[in-house]
């Protein structure tokens, strides 16, 4: 499959250049994964289950899921971010893959479905014309009865990173057309206190 959109390429280039700097900013919130686990206690698979982190960044959640006993695949298109992940988590057994929405070709080529999927602050990088394809791919990767956690970013984009609308209602409408059901929804403030920026956490399931 061809890749989607110059906007995505531009964003990836920024993450490549700023991987170390962004990693330092994001890792300042030391209790982030503990809060994540508390929010997801009823939705995470038991040890031995599988997880896919889509847009894994520098791997903080991927490594945290691995520490919970999960078999983790991390899809991250930024070479800089993958390198930062390797630097920060040198002992990790997470399988890193250079891949991205909408088609996640390399992940799909594994021939696997995952008990748990995570997609944090990624949807705003996917142009609207590719979202139908992207959602269909995501639906095909979640195992029957699995859970899919999505963090949607709202508000103005940084000047150097193109972003598209990522409001919850259009996302949910599209997800439901592809067989997802919403189990939980949480409003989340921006911990970096950027003007006008906020987040919504959605936890979805499917019926296989």
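Residue numbers (my numbering): -14 to 193.
Virtual Cβ for every residue (Gly too), placed ideally from N, Cα, C.
Remember, predicted model here, so these are calculated numbers, not experimental data.
With the cut-off set at 8 Å, would you say residue 133 and residue 123 are in Cβ contact?
yes
Rounded straight-line distance, which links the Cα of residue 60 to that of residue 98
14 Å
Spatial neighbours of residue 55 within its chain, please: CB distance less than 6 Å, with the 5 preceding and 5 following residues excluded, ordered by chain position.
34 and 36
Between the Cα of residue 103 and the Cα atoms of 47, 160, -3 and 175, which residue gives the shortest distance?
47
Rounded to whole angstroms, how far is the Cβ of residue 107 from the Cβ of residue 139, which I believe are closer than 8 Å?
So it is not a contact: roughly 14 Å between Cβ atoms.
Integer Cβ distance of residue 149 from residue -7, believed to fall under 8 Å
Actually they are not in contact, since the Cβ atoms of residue 149 and residue -7 sit about 10 Å apart, beyond 8 Å.
Have a look at the DSSP bridge pairing and note the partners of residue 173.
184
Endpoints, the beta strand (DSSP E) within which residue 104 is located
99 to 105
Is residue 137 closer than 8 Å to residue 165 when the C-beta atoms are compared?
no
Do you know whose CA, among 175, 113, 92 and 167, lies nearest residue 187's CA?
167
Classify residue 2: buried if its beta carbon has 16 or more other beta carbons within 10 angstroms, exposed otherwise.
exposed
If you reduce the DSSP assignment to three classes, tell me which class residue 81 lands in.
strand
Indicate whether residue 44 and residue 74 have their beta-carbon atoms separated by less than 8 Å.
yes
Relative to the C-alpha of residue 190, which residue among 172, 38, 76 and 160 is closest?
160
Can you tell me whether DSSP reads residue -13 as helix, strand or coil?
Bear in mind that a pLDDT of 38 at residue -13, under 50, signals an unreliable position, so the model cannot answer this.
Can you give me the start and stop residues for the alpha helix (DSSP H) that residue 159 sits inside?
153 to 162
Residue 1 (DSSP reduced to helix, strand or coil):
helix
For residue 142 and residue 152, what's the separation of their Cα atoms in angstroms?
14 Å
When you compare only the Cα positions, how much space is there between residue 70 and residue -5?
21 Å
Which residue wins for smallest C-alpha separation from residue 76, given the options 83, 63 and 52?
52
At what residue ranges does the stretch 11 to 83 contain a whole run of the beta strand (DSSP E), taking only runs of 3 or more?
35 to 39, 56 to 60 and 80 to 82
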